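Student: In this note's numbering, the protein residues as written are 500 to 615. Where a beta carbon is used, it is the ideal one built from N, C-alpha and C, also for glycine. Computed from a predicted model, the values in this text were never measured in an experiment.
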């Protein structure tokens, strides 16, 4: 997450990747990153809390933390950087990735107490 924070607030020179010109491609990247981060974080929590009963609470805290993190990064980009801009749609894509990742994990591990 430190790398993501640094990358989100740093300015990089154009590397030519924007020549793909996929409409709303950055929103897809935001969604996928937060979806994967939620799944990986949840898998860690399921493994860590295998013998405890609080995995759902831990995953809920993780989800809210990732949503808040995504919003804070967008606000910081808008208010505190010169060459970056925060966007509401980026924050919504981040949040959608977290929510769908959370729902995916809930569906996948419904009724299970740990990784199999």
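(1) Among the candidates 528, 526, 540, 521, whose CA atom is the shortest distance from the CA of residue 563?
(2) So the alpha helix (DSSP H) residue 596 belongs to, where does it begin and stop?
(3) Once the 5 residues before and after residue 570 are set aside, which same chain residues still bring their CB inside 6 Å of it?
(4) Tell me whether residue 584 sits in a helix, a strand or coil according to DSSP, three-state version.
(5) Do residue 557 and residue 565 come within 7 Å of each other at the CB atom, strictly closer than that value?
Tutor: A quick look at the data gives this:
(1) 540
(2) 587–607
(3) 590
(4) coil
(5) no
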